[in-house]
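First to last, the protein sequences are chains A and B.
Just remember that the working numbering sits 125 ahead of the position in the first sequence, which is counted from 1.
Just remember that the working numbering sits 179 ahead of the position in the second sequence, which is counted from 1.
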Amino acid sequence: MTALQKIWKYLLIFLKYFSLVFFSFVAVLPIVSCVITAFKTDTEYQQTNVMTMPESWLNFDNFVQAFQKANMGRAFINSTIVLVCVLVVSVFVGTQLAYVLDRFKFPGNGMIRNLFMFASLLPGVAMQVAVYQIMYNLHFINSLFGYIVMMCGTDVIAIYIYIQFFENISFSLDESAIVDGASYFTIFYKILLPLLKPAIVTSCILKAVGTYNEYYSANLYLQDKKTLPTVATSLYTFVGPLGSKYNLICAGVIISLLPALIVFITCQKQIYSGLTSGAVKG
Amino acid sequence: MAAVTQKTKKKRTFGEWARSRDGQKVFVMVAFMILPLLLLFTFTYLPFAEMFGFSFYKMKYIGERKFIGLDNYIKVFQRDDCFGALKLSLYYMVGSVVQLALSLYLATVLSFKVKGGNIFKGFMFFPYLINGIAIGFIFKFFYTRGFVFDTVLQWCGFELENLPYWLKDQSINNISLVGTSVWRYFGQNMVLFIGAIMSVDSELYEAAMLDGANKLQQFRYIILPSIKTIITLNVILSITGSLSAFEPPYVITSGANGTGTYFVIMHEIAHTQQKVGLASAMAIVLLLIIIAATILQKLFFKYVFKSAEDEDLNATAKRDKKLAKLAQRKAGR
Numbered sequence: 126m127t128a129l130q131k132i133w134k135y136l137l138i139f140l141k142y143f144s145l146v147f148f149s150f151v152a153v154l155p156i157v158s159c160v161i162t163a164f165k166t167d168t169e170y171q172q173t174n175v176m177t178m179p180e181s182w183l184n185f186d187n188f189v190q191a192f193q194k195a196n197m198g199r200a201f202i203n204s205t206i207v208l209v210c211v212l213v214v215s216v217f218v219g220t221q222l223a224y225v226l227d228r229f230k231f232p233g234n235g236m237i238r239n240l241f242m243f244a245s246l247l248p249g250v251a252m253q254v255a256v257y258q259i260m261y262n263l264h265f266i267n268s269l270f271g272y273i274v275m276m277c278g279t280d281v282i283a284i285y286i287y288i289q290f291f292e293n294i295s296f297s298l299d300e301s302a303i304v305d306g307a308s309y310f311t312i313f314y315k316i317l318l319p320l321l322k323p324a325i326v327t328s329c330i331l332k333a334v335g336t337y338n339e340y341y342s343a344n345l346y347l348q349d350k351k352t353l354p355t356v357a358t359s360l361y362t363f364v365g366p367l368g369s370k371y372n373l374i375c376a377g378v379i380i381s382l383l384p385a386l387i388v389f390i391t392c393q394k395q396i397y398s399g400l401t402s403g404a405v406k407g
Numbered sequence: 180m181a182a183v184t185q186k187t188k189k190k191r192t193f194g195e196w197a198r199s200r201d202g203q204k205v206f207v208m209v210a211f212m213i214l215p216l217l218l219l220f221t222f223t224y225l226p227f228a229e230m231f232g233f234s235f236y237k238m239k240y241i242g243e244r245k246f247i248g249l250d251n252y253i254k255v256f257q258r259d260d261c262f263g264a265l266k267l268s269l270y271y272m273v274g275s276v277v278q279l280a281l282s283l284y285l286a287t288v289l290s291f292k293v294k295g296g297n298i299f300k301g302f303m304f305f306p307y308l309i310n311g312i313a314i315g316f317i318f319k320f321f322y323t324r325g326f327v328f329d330t331v332l333q334w335c336g337f338e339l340e341n342l343p344y345w346l347k348d349q350s351i352n353n354i355s356l357v358g359t360s361v362w363r364y365f366g367q368n369m370v371l372f373i374g375a376i377m378s379v380d381s382e383l384y385e386a387a388m389l390d391g392a393n394k395l396q397q398f399r400y401i402i403l404p405s406i407k408t409i410i411t412l413n414v415i416l417s418i419t420g421s422l423s424a425f426e427p428p429y430v431i432t433s434g435a436n437g438t439g440t441y442f443v444i445m446h447e448i449a450h451t452q453q454k455v456g457l458a459s460a461m462a463i464v465l466l467l468i469i470i471a472a473t474i475l476q477k478l479f480f481k482y483v484f485k486s487a488e489d490e491d492l493n494a495t496a497k498r499d500k501k502l503a504k505l506a507q508r509k510a511g512r
């Protein structure tokens, strides 16, 4: 290896790490600046530059205040209720649908699959004009139950993950159970559902992230912000008169993304693999 | 004998049929499919049909409606704020191209051995998990005059007087907004690409290394062909996504100062001005554009890849030869 090649090689390595560090910096900078500001007192926030470190990293006043002002206790309870209900219902609905679509051949099977595919093409925001009317007629406005029912709706990616998984479970398993006289319900609940666990975990994480962060419909249909905030919509409290107290706002933002951060750190692998398997088919 | 069974089958009562296999099958199918299909129809196809209906009326959410035929559609094309807003999509398209290129580069780098690779990956992916409202606040703060972004640029030697107002200056604010969208999604795209690259047979790299291929050639001849499906998919998604760009302007600027994209304007017309008919027509028009764009792109990629696949036959043959060579060498050792 000549000297020139060596220099070239080290330059490449340098460039590689430089770009990684640079883009990681870009990715975390907005969040880090929020964390710094969240620890500042009012006077500190007004007098120092945003990127100067706070005097004390133990100043949790803003967090407490933001938590109370934005009613985040209530918001966390609501978000948890929504999350649990939506996950349970969508797992059952999704796996059952995938089971029927994969295991039974009947006229209309392909059409149902296409209906779900086409539904994913329709832009959600645009449809809300008409969904609002339907929610209104069903008396689902300002009702946590109504919001949950709407959120349980179709999720093509999850269904595709399940169908893909069913395709890999041998049909002879079903057949031998049928010979033993098991009903279809038994086959599904006792034999197939336990085997589906990895796919369920994957799609649950994806759905959980989506549901926890959903704010557009929550804002539209849960208008009573006092009793029906979710974590995402509780941040709307800071729009308006509090709009320039960024130390408070940043604290609220940080609180709202803590659960996501914890889930991310503990389930990193599943999140990555879930995304990948969802995208390959979807 | 056969005739007899036929007869008994026909004579089965409904109760018997319900207990038989066939009956059970139908029962299970109905029981398992009724809920998802009901949800699909109530929250997707029913509103879709209703929206189509609304688009021919002059109406508000509550009160009288008046049939006005195609007037709403004509208005969509005549009003400057409606159709003109589609021009903003160009910014988002450029942004998504930058985003795809960037994430492809980072994915390639991270697929090979890198110290601390997982940490870099985690940092870059995390923005994807933040909810839209929080992102709105984070970036309002980030771009405020003299705050985070300006401070960092001052560290790099820029003067504050020379810097524009990132969210007010009409010549730059759309770029700032697109930047936030790239910030949010490049890590997610990167993870997708890493997943695809990892599924490439690692023996191919070994073979390429033995043949003396450098990193760039490895990328060009091994990685790119094997992940072209997922790239295609992402290009299609990003173009339809750019047409329906909504979140960045909605949460950061609320569409002020010329940042209102088509959907932000539609949202305003629907919910603030309550012109439901016009908003529905806007939605239908954009939907048609999106469907047309999707079909065109699919055809385009089909055509491009068809010719590419003819070449690919050679490439796969070559690849197989290389693999065979490698196996021979291994066996020879």
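The C-beta atom is built at its ideal place from N, Cα and C for all residues, glycine as well.
Please read all numbers here as calculations on a predicted model, not as lab measurements.
{"query": "At a CB-CB cut-off below 9 Å, which residues of chain A make contact with Trp196 (chain B)?", "result": "None at all; the shortest Cβ gap to chain A is about 15 Å."}
{"query": "Anything in chain A within Cβ reach of Val513 (chain B), meaning under 9 Å, just list it in chain order.", "result": "Here chain B has residues from 180 to 512 only, and residue 513 (chain B) is not among them."}
{"query": "Can you tell me which of the three DSSP states Met238 (chain B) falls into?", "result": "strand"}
{"query": "Does any residue of chain A have a CB that is nearer than 8 Å to the CB of Ile317 (chain B)?", "result": "yes"}
{"query": "In the DSSP assignment, the beta strand (DSSP E) including Phe246 (chain B) goes from what residue to what residue?", "result": "Arg244 to Phe246"}
{"query": "Along chain A, which residues have their Cβ under 8 Å away from the Cβ of Gln367 (chain B)?", "result": "Leu400"}
{"query": "Alpha helix (DSSP H) containing Asn310 (chain B): first to last residue?", "result": "Careful: Asn310 (chain B) lies outside any alpha helix (DSSP H) and carries neither H nor E."}
{"query": "So with Cβ pairs under 8 Å, would you call Leu360 (chain A) a contact of chain B?", "result": "yes"}
{"query": "Going along chain B in order, which residues have a C-beta closer than 9 Å to the C-beta of Val216 (chain A)?", "result": "Going along chain B, no residue has its Cβ under 9 Å from Val216 (chain A), so there is no contact; the nearest lies around 12 Å."}
{"query": "Who are the Cβ neighbours of Leu222 (chain A) in its own chain at under 7 Å, not counting the five residues just before and after it?", "result": "Ile284"}
{"query": "Starting from the C-beta of Gly296 (chain B), find all residues in its chain whose C-beta is less than 7 Å away, skip the five residues before and the five after it, and write them out in chain order.", "result": "Leu289"}
{"query": "From which residue to which residue does the alpha helix (DSSP H) around Cys210 (chain A) run?", "result": "Met197 to Arg228"}
{"query": "Do we get a CB-CB distance below 8 Å when we pair Gln393 (chain A) with the residues of chain B?", "result": "yes"}
{"query": "Closer than 8 Å is the cut-off here; do at least three beta carbon pairs connect the segment 453 to 465 of chain B with the segment 237 to 253 of chain B?", "result": "yes"}
{"query": "Give a yes or no on contact between the segment 423 to 432 of chain B and the segment 240 to 254 of chain B, applying the rule of three or more CB pairs nearer than 8 Å.", "result": "no"}
{"query": "To the nearest angstrom, how far is the alpha carbon of Asn310 (chain B) from that of Arg198 (chain B)?", "result": "50 Å"}
{"query": "What residues from chain A crowd round Ile309 (chain B), counting only those whose CB sits closer than 9 Å?", "result": "Ile156, Asn338, Val378, Ser381, Leu382 and Ala385"}
{"query": "Is Gln258 (chain A) close to chain B? Criterion is C-beta to C-beta, closer than 8 Å.", "result": "yes"}
{"query": "What are the boundary residues of the alpha helix (DSSP H) that Ala392 (chain B) is part of?", "result": "That residue, Ala392 (chain B), is in no alpha helix (DSSP H); it is neither H nor E in DSSP."}
{"query": "Are the C-beta of Cys329 (chain A) and some C-beta of chain B separated by less than 8 Å?", "result": "no"}
{"query": "Starting from the beta carbon of Pro248 (chain A), find every residue of chain B whose beta carbon is closer than 9 Å, and list them in chain order.", "result": "Thr419, Leu422, Ser423, Phe425, Phe442, Ala462, Leu465, Leu466 and Ile469"}
{"query": "So with Cβ pairs under 8 Å, would you call Tyr384 (chain B) a contact of chain A?", "result": "no"}
{"query": "Between Thr184 (chain B) and the rest of its own chain, which residues show a CB-CB distance below 8 Å, the 5 nearest in sequence each way excluded?", "result": "Unreliable placement is indicated for Thr184 (chain B), whose pLDDT of 45 sits below 50; no coordinate value is reported for it."}
{"query": "What in chain B is Cβ-close to Val304 (chain A), meaning under 7 Å?", "result": "The contacting residues do not exist; Val304 (chain A) stays about 12 Å from chain B at best."}
{"query": "Taking DSSP as the reference, what is the three-state secondary structure of Thr177 (chain A)?", "result": "coil"}
{"query": "What would DSSP say about Asn344 (chain A), mapped onto helix, strand or coil?", "result": "helix"}
{"query": "Should Thr391 (chain A) be labelled buried (16 or more other beta-carbon atoms within 10 Å of its own) or exposed?", "result": "exposed"}
{"query": "Can you tell me where the alpha helix (DSSP H) holding Gln453 (chain B) begins and where it ends?", "result": "Unbroken run through Gln453 (chain B): none, as it is neither H nor E."}
{"query": "Alpha helix (DSSP H) containing Leu382 (chain A): first to last residue?", "result": "Tyr371 to Thr391"}
{"query": "If you draw a straight line from the alpha carbon of Arg244 (chain B) to that of Ser234 (chain B), how long is it in whole angstroms?", "result": "11 Å"}
{"query": "Could you check whether the segment 278 to 293 of chain B touches the segment 373 to 391 of chain B, counting it as contact only if at least three pairs of C-beta atoms, one from each stretch, sit closer than 8 Å?", "result": "yes"}
{"query": "Does chain A have any CB closer than 8 Å to the CB of Tyr240 (chain B)?", "result": "yes"}
{"query": "Identify which residue in A:Tyr170, A:Met276 and A:His264 has its Cα closest to the Cα of Val211 (chain A).", "result": "A:Met276"}
{"query": "Pick from A:Leu137, A:Ile325, A:Phe192 and A:Asn344: whose alpha carbon is nearest that of Val214 (chain A)?", "result": "A:Ile325"}
{"query": "I'd like to know if the segment 413 to 427 of chain B and the segment 356 to 369 of chain B are in contact, where contact means that at least 3 CB-CB pairs between them fall below 8 Å.", "result": "yes"}
{"query": "Looking at chain A, is there any beta carbon in it that lies within less than 8 Å of the beta carbon of Glu229 (chain B)?", "result": "yes"}
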